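All remarks here apply to the structure that follows.
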Ligand code: 5GP
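Residue numbers (our numbering): 855 to 1044.
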């Protein structure tokens, strides 16, 4: 029996806000047997989001306690809110032979690389910044001020991601279907 094919795998998918990560990840989940890690966050649910499905929506005290107890595989503050990956369910699933996807920010991915260096690290990048600006504006969920802030953050995130050397797969989302297929290939590859 090929032992490698029995081994689970951790897959980190990151990229700046508005790049299309969520659309890519939800389709990738449909096309592969990978599970999705539900993160904890201190931000409030958006309309339609469900507790324990989209996120574990928790308060700052609870979040802080989980961090202090070493229960987070990684965590980061993004746009003033805390986000983190509860470690136990992810590590159990991977050691049980499952593929698990983390959709997290760039810095969180870099933390994962220190703890789980053999994970697969995928950076989703926009074709260019103008395209990203159009997407953020079209989404209509942020104010102009928030959009400008997110664009600045996006440039920063892309630079940090590239300089970290962690993200060995960089996939440009200029066509959604092509990007999805490339992510599926990267997941099934190693
Ligand atoms: P949103 O509030 O739009 O759902 O997410 C904002 C950002 O937080 C996104 O870039 C998302 O990938 C990131 N994020 C979501 N969950 C986690 C997590 O568990 N850890 C880290 N580091 N980032 C996360």
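For each residue, glycine too, the CB sits at the ideal point set by N, CA and C. Since we're looking at a predicted model, the values are computed, not measured.
Exposure of residue i, with buried meaning 16 or more beta-carbon neighbours within 10 Å
i, result
"residue 923", "exposed"
"residue 1027", "buried"
"residue 942", "exposed"
"residue 913", "exposed"
"residue 905", "exposed"
"residue 997", "exposed"
"residue 974", "buried"
"residue 933", "exposed"
"residue 980", "buried"
"residue 887", "exposed"
"residue 949", "exposed"
Supposed close pair residue i, residue j - CB separation, criterion 8 Å
i, j, result
"residue 903", "residue 909", "7 Å"
"residue 899", "residue 986", "At roughly 25 Å, the Cβ-Cβ gap does not stay under 8 Å, so residue 899 and residue 986 are not in contact."
"residue 1038", "residue 1025", "Rounded, the Cβ-Cβ distance is 11 Å, inconsistent with contact."
"residue 1008", "residue 938", "No, residue 1008 and residue 938 are not in contact; Cβ-Cβ is about 21 Å, not under 8 Å."
"residue 878", "residue 1041", "Not a contact, Cβ separation roughly 11 Å."
Unbroken beta strand (DSSP E) run spanning residue i, endpoints
i, result
"residue 911", "909-911"
"residue 939", "935-940"
"residue 932", "926-932"
"residue 958", "First-last for residue 958: undefined, no H or E at that position."
"residue 895", "893-895"
Delimiting residues of the alpha helix (DSSP H) encompassing residue i
i, result
"residue 876", "875-885"
"residue 866", "Per DSSP, residue 866 belongs to no alpha helix (DSSP H); it is in the beta strand (DSSP E), 863-868."
"residue 1008", "998-1018"
"residue 952", "Run containing residue 952: none; DSSP gives neither H nor E here."
"residue 1037", "1030-1043"
Coarse secondary structure for residue i, derived from DSSP in three states
i, result
"residue 859", "Reliability of the predicted coordinates at residue 859 is poor, the pLDDT of 46 falling under 50, and the value obtained from them is presented with this limitation in mind. It is helical."
"residue 905", "strand"
"residue 979", "strand"
"residue 1022", "coil"
Cβ of residue i within 9 Å of any chain C Cβ
i, result
"residue 901", "Absent from the structure is chain C; it holds one protein chain and no more."
- Would you check if the region 951-967 and the region 1017-1028 touch, i.e. whether three or more CB-CB distances between them fall below 8 Å? yes
- Three-pair Cβ contact test at 8 Å for the region 940-956 versus the region 887-896: yes
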